[in-house]
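S.K.: Numbering (this note's numbering), first residue to last: 34 to 371.
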Amino acid sequence: MKVLVAGGAGFIGSTVASACLDEGLEPVILDNLATGRIEFTRDRIFYQGDIADGPLVDRIFAEHPGIAAVVHTAALIVVPESVEQPLRYYRENVAKSIDFIEHVLRNGCERYLFSSSAAIYQPGDDFSVDETSPLAPTSPYARSKVMMEQVLTDTAAATSLRALSLRYFNPIGADPKLRTGLQVSRPSHVLGKLITALEDDGEFLITGVDWPTRDGSGIRDYIHVWDLARAHVQALRRFDEILPVGGPRSHESINLGSGNGTTVREFVAAFRSVADRPLRVRETDPRPGDSAGSYTRSDRSSALLDWRPELSVEEGIRHSLDWAAQRGSILGDQPARP
Numbered sequence: 034m035k036v037l038v039a040g041g042a043g044f045i046g047s048t049v050a051s052a053c054l055d056e057g058l059e060p061v062i063l064d065n066l067a068t069g070r071i072e073f074t075r076d077r078i079f080y081q082g083d084i085a086d087g088p089l090v091d092r093i094f095a096e097h098p099g100i101a102a103v104v105h106t107a108a109l110i111v112v113p114e115s116v117e118q119p120l121r122y123y124r125e126n127v128a129k130s131i132d133f134i135e136h137v138l139r140n141g142c143e144r145y146l147f148s149s150s151a152a153i154y155q156p157g158d159d160f161s162v163d164e165t166s167p168l169a170p171t172s173p174y175a176r177s178k179v180m181m182e183q184v185l186t187d188t189a190a191a192t193s194l195r196a197l198s199l200r201y202f203n204p205i206g207a208d209p210k211l212r213t214g215l216q217v218s219r220p221s222h223v224l225g226k227l228i229t230a231l232e233d234d235g236e237f238l239i240t241g242v243d244w245p246t247r248d249g250s251g252i253r254d255y256i257h258v259w260d261l262a263r264a265h266v267q268a269l270r271r272f273d274e275i276l277p278v279g280g281p282r283s284h285e286s287i288n289l290g291s292g293n294g295t296t297v298r299e300f301v302a303a304f305r306s307v308a309d310r311p312l313r314v315r316e317t318d319p320r321p322g323d324s325a326g327s328y329t330r331s332d333r334s335s336a337l338l339d340w341r342p343e344l345s346v347e348e349g350i351r352h353s354l355d356w357a358a359q360r361g362s363i364l365g366d367q368p369a370r371p
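#1: If we ignore side chains and look at the alpha-carbon of each, how far apart do Ile62 and Thr68 end up?
#2: Does the pairing of the segment 169-178 with the segment 259-277 give three or more beta-carbon distances under 8 Å?
#3: Measuring straight from C-alpha to C-alpha, what distance separates Ser51 and Arg263?
#4: Using the Cβ count rule (16 or more neighbours within 10 Å means buried), how would you classify Leu120?
#5: Taking 9 Å as the cut-off, decide whether the C-beta atoms of Arg313 and Ala196 are in contact.
#6: Can you tell me where the alpha helix (DSSP H) holding Phe79 begins and where it ends?
#7: Nearest by alpha-carbon distance to Ala325: which of Phe272, Gly249, Val301 and Glu285 is it?
#8: Measuring only the C-alpha atoms, how far is Tyr123 from Tyr174?
#9: Does the Cβ-Cβ distance between Leu211 and Ile363 come in under 9 Å?
#10: With a 10 Å radius around its C-beta and 16 neighbouring C-beta atoms as the bar for buried, classify Arg370 as buried or exposed.
#11: Nearest to Ile131 by CA position, among Asp158, Ile205, His105 and Glu56, is which residue?
#12: Taking all protein chains shown into account, do 16 or more other C-beta atoms lie within 10 angstroms of the C-beta of Gln267, making it buried, or fewer, making it exposed?
#13: Are there three or more Cβ pairs, one per stretch, closer than 8 Å when the segment 131-148 is compared with the segment 349-361?
#14: By the DSSP assignment, the beta strand (DSSP E) with Tyr154 in it spans what residues?
#15: For the beta strand (DSSP E) holding Val36, just list the boundary residues, first then last.
#16: Quick one: residues in its chain with C-beta nearer than 8 Å to the C-beta of Ile134, no 5 flanking neighbours on either side, listed in chain order?
#17: Measure the Cβ-Cβ separation of Val301 and Arg351 and say whether it is below 9 Å.
#18: Closer than 6 Å by C-beta to Val258: which residues in its own chain qualify, once you throw out the five before and the five after it? Chain order, please.
#19: Does the count of Cβ pairs from the segment 147-157 and the segment 76-90 closer than 8 Å reach three?
#20: Judging by CA-CA distance, which residue of Phe94, Gly294 and Ala191 is the nearest neighbour of Arg282?
#21: By DSSP's criteria, Glu285 is part of a beta bridge. Which residues make up the other side?
#22: Out of Ala128, Ser161, Met34 and Gly87, which has the shortest C-alpha to C-alpha gap to Ser291?
#23: Note the first and the last residue of the continuous alpha helix (DSSP H) segment covering Asp260.
#24: So, are the CB atoms of Leu289 and Leu224 less than 9 Å apart?
#25: Just reading off the beta strand (DSSP E) that Arg315 is part of, what are its end residues?
#26: In the structure shown, what three-state DSSP assignment does Ala107 receive?
#27: Taking a contact to mean a Cβ-Cβ separation below 9 Å, would you say Tyr328 touches Leu261 in this structure?
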């Protein structure tokens with residue numbers, strides 16, 4: 034079975050492609066390399082280009098008629114950047130994705146696996162959510178995901194498309210075999226900033242300590258990227274069971290998370306337990322677009338995918354540190370130092 038992985042040279046997409054290979058699925062990668070890395074496509078079928086490029090998508094399907102499903106992981110993902118550049122995010126994450134869906138449908142592919150986000154939810158009083166929780170995205174990035182899920186719902190109702198949206202929380206870690214990891218040298222998320230502070234003997238900022246959580250810091254549901262990739266493979270394997278042709282639903286959403294909330298302060302403590310050097314920490318105000326956060330209480334992923342996360346937060350941190358130590362040699366560059 035061949036699978037077209039849009040964004041397959043990025044962090045999530047490349048790890049999904051590795052999991053596909055390990056499970057006997059053949060990934061065909063499409064990526065414009067705006068943020069992805071060509072090194073992550075080595076020894077894999079790769080097409081460089083944009084998901085909105087109709088002739089290119091047509092050529093991919095013509096040259097690989099065995100493509101049975103699409104995994105859509107191509108997106109811009111930095112929340113503060115989306116606040117500063119909303120039009121760019123809506124163009125890349127929504128407008129081009131609509132074009133891509135049209136190209137996929139034109140080529141007769143009906144299985145569509147969309148990487149969504151849990152940033153779309155309005156958390157309950159205890160900050161937990163499930164797939165029925167109200168949606169209240171707080172940034173253009175998150176709103177772009179809600180928009181695309183609505184596009185998929187409406188398109189699936191009107192066409193032969195069947196779509197699964199995987200709403201995942203905060204991915205951490207790297208491929209345990211270190212084939213792929215975070216491609217950027219200075220990531221903007223919590224773990225990336227922790228690693229940068231450790232490498233530079235710098236200071237890590239906890240942005241926001243007045244949230245109504247158990248310790249005042251934001252709460253997140255951290256999921257190892259390899260567990261996330263395995264869930265994508267399970268979704269591909271079980272796609273027709275979850276959304277059978279002619280069934281009552283044509284679009285389904287599934288949360289992917291650990292099921293346990295971890296506050297930023299707790300995450301920092303876990304990081305300190307794994308790291309081999311001291312870390313300086315300072316507390317400050319939240320960033321634009323930040324929220325208190327949430328974690329999943331859903332059993333749907335277990336029931337529909339027969340999937341549960343297997344790797345711990347500490348293992349995710351350890352694999353991230355292992356990747357950071359080797360990233361320069363694997364990708365042939367080094368982080369820019371101040």
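Just so it is clear, CB atoms sit at the ideal spot from N, CA and C, and this is done for glycine as well.
Source: prediction; values computed, not measured.
M.R.: Looking at the atomic coordinates:
#1: Looking up residue 62 in the sequence shown gives position 29. Looking up residue 68 in the sequence shown gives position 35. Ile62 and Thr68: Cα-Cα distance of roughly 14 Å.
#2: Contact check between the segment 169-178 and the segment 259-277: fewer than three CB pairs, one atom from each, fall below 8 Å, which does not count as touching.
#3: Here residue 51 refers to the residue found at position 18 when the sequence shown is read from its first residue. Here residue 263 refers to the residue found at position 230 when the sequence shown is read from its first residue. Annotation: Ser51 to Arg263 spans about 10 Å, alpha carbon to alpha carbon.
#4: By one-based count along the sequence shown, residue 120 stands at place 87. Its Cβ having fewer than 16 others within 10 Å, Leu120 is exposed.
#5: For the purposes of this step, residue 313 is taken as residue 280 along the sequence shown, with counting starting at 1. For the purposes of this step, residue 196 is taken as residue 163 along the sequence shown, with counting starting at 1. No, these two residues do not count as a Cβ contact at 9 Å.
#6: To locate residue 79, count along the sequence shown from 1; it is residue 46. That residue, Phe79, is in no alpha helix (DSSP H); its beta strand (DSSP E) goes Ile78 to Gln81.
#7: To locate residue 325, count along the sequence shown from 1; it is residue 292. Checked all of Phe272, Gly249, Val301 and Glu285; the closest Cα to Ala325 is Gly249.
#8: In the sequence shown, the residue the question calls residue 123 occupies position 90. In the sequence shown, the residue the question calls residue 174 occupies position 141. Answer to the nearest angstrom: the Cα atoms are 8 Å apart.
#9: Sequence index remark: in the sequence shown, residue 211 carries index 178 (1-based). Sequence index remark: in the sequence shown, residue 363 carries index 330 (1-based). Yes.
#10: Working through the sequence shown from its first residue, we reach residue 370 at position 337. For Arg370, the predicted model reports a pLDDT of 36, less than 50, meaning its position is unreliable; a value from the coordinates is still stated below. Its Cβ having fewer than 16 others within 10 Å, Arg370 is exposed.
#11: Walking along the sequence shown from the start, residue 131 turns up at place 98. Distance from the Cα of Ile131 is smallest, within the candidate group Asp158, Ile205, His105 and Glu56, for His105.
#12: Within the sequence shown, the letter at position 234 stands for residue 267. In the assembly as shown, Gln267 is a buried residue. Its beta-carbon has 16 or more other beta-carbons within 10 Å.
#13: Counting Cβ pairs under 8 Å, fewer than three are found: no touch.
#14: In the sequence shown, the residue the question calls residue 154 occupies position 121. Per DSSP, Tyr154 lies in no beta strand (DSSP E) and is assigned neither H nor E.
#15: The sequence position of residue 36 within the sequence shown is 3, counting from 1. Under the DSSP assignment, Val36 falls in the beta strand (DSSP E) whose first and last residues are Lys35 to Ala39.
#16: Position 101 of the sequence shown holds residue 134. Cβ contact annotation for Ile134 (same chain, cutoff 8 Å, sequence separation greater than five): Tyr145, Val184, Leu185, Thr188 and Leu194, in chain order.
#17: One-based indexing of the sequence shown puts residue 301 at position 268. One-based indexing of the sequence shown puts residue 351 at position 318. With contacts defined as CB atoms closer than 9 Å, Val301 and Arg351 fail to qualify as a contacting pair.
#18: One-based indexing of the sequence shown puts residue 258 at position 225. Cβ-Cβ distances below 6 Å link Val258 to Thr48, Pro204 and Gly206 in the same chain, with the five nearest sequence neighbours on each side left out; the list follows chain order.
#19: No, they do not touch.
#20: Against the sequence shown, residue 282 aligns to sequence position 249. With distances taken between Cα atoms, Arg282 lies closest to Ala191.
#21: Numbered from its first residue, the sequence shown carries residue 285 at position 252. Bridge pairing for Glu285: Leu197 [DSSP].
#22: On the sequence shown, residue 291 is found 258 positions in, with the first residue counted as 1. The residue among Ala128, Ser161, Met34 and Gly87 with its C-alpha nearest the C-alpha of Ser291 is Ser161.
#23: Position 227 of the sequence shown, counting from 1, holds the residue named residue 260. Residues Val258 to Arg270.
#24: As a working note, residue 289 is residue 256 in the sequence shown. As a working note, residue 224 is residue 191 in the sequence shown. No; because the gap between Cβ atoms is not below 9 Å, this pair is not in contact.
#25: Numbered from its first residue, the sequence shown carries residue 315 at position 282. Counting along the chain, the unbroken beta strand (DSSP E) around Arg315 starts and ends at Arg313 to Thr317.
#26: For the purposes of this step, residue 107 is taken as residue 74 along the sequence shown, with counting starting at 1. Three-state DSSP puts Ala107 in coil, outside helix and strand.
#27: Along the sequence shown, read from residue 1 onward, the residue named residue 328 stands at position 295. Along the sequence shown, read from residue 1 onward, the residue named residue 261 stands at position 228. No, the Cβ-Cβ distance between Tyr328 and Leu261 is not below 9 Å.
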